[in-house]
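Numbering (my numbering), first residue to last: 23 to 191.
Pasting the structure below:
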């Protein structure tokens, strides 16, 4: 199974060969079938179960060297990790910025929300975690930043059309 399998025209596929692991780029065509899988995340990801039945693939569709497929796969993972890191840091910075704006604008007991020490502490922790992302703590800081943002936004964090959509992403 693979993400975007429902929509894909080609499938990057790891195959066991006589000389080791080889990666092939297999076009959608005769013998290739996909069936969408229901997942706990978005259905628009097109996660699908793929079946290859007597599919012939030209040698020109080999990615990297025959038997050296693990190098191709690990190289791809390295690129994906950088994309995930960049997206996570960007989303966290946006959330912190919106929390700062909201906490400054929101008046509680006649004072800005930022006058509350607990809010300042949460904002400081969020900012320091986002900055720490440069040191590879992305997934943990993303969750913690989302949790703190939910505390600051309160009920507004639950809306999918307002501030909640920032946290959800």
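Using N, Cα and C, we set each Cβ at its ideal position, and we do this for glycine too.
None of these values were measured; they are calculated from a predicted model.
What do you reckon, are the CB atoms on residue i and residue j nearer than 9 Å?
i: residue 33; j: residue 54; result: yes
i: residue 168; j: residue 117; result: yes
i: residue 37; j: residue 107; result: no
i: residue 42; j: residue 58; result: no
i: residue 56; j: residue 45; result: no
i: residue 164; j: residue 114; result: yes
By how many angstroms is the C-alpha of residue j removed from the C-alpha of residue i?
i: residue 97; j: residue 66; result: 26 Å
i: residue 119; j: residue 105; result: 21 Å
i: residue 112; j: residue 178; result: 21 Å
i: residue 79; j: residue 39; result: 13 Å
i: residue 64; j: residue 25; result: 11 Å
i: residue 74; j: residue 99; result: 24 Å
i: residue 60; j: residue 70; result: 8 Å
i: residue 176; j: residue 90; result: 51 Å
i: residue 186; j: residue 85; result: 41 Å
i: residue 103; j: residue 162; result: 15 Å
Which residues in the same chain have their Cβ closer than 6 Å to the Cβ of residue i, if we skip the five residues on either side of it in sequence?
i: residue 31; result: 50
Using the three-state DSSP reduction, which class does residue i fall into: helix, strand or coil?
i: residue 167; result: helix
i: residue 253; result: Look at the range of the chain in this structure, 23 to 191, and you will see that residue 253 is not part of it.
Can you list, in chain order, the residues of its chain with a C-beta nearer than 8 Å to that of residue i? Leave out the 5 residues immediately preceding and following it.
i: residue 174; result: 121, 124, 125, 135, 141, 144, 145
i: residue 76; result: 53
i: residue 188; result: 113, 116, 117, 120, 171
i: residue 138; result: 130
i: residue 128; result: 134, 135
Residues in the same chain with beta-carbon distance under 7 Å from residue i, minus the five sequence neighbours each way, listed in chain order, please.
i: residue 92; result: 43
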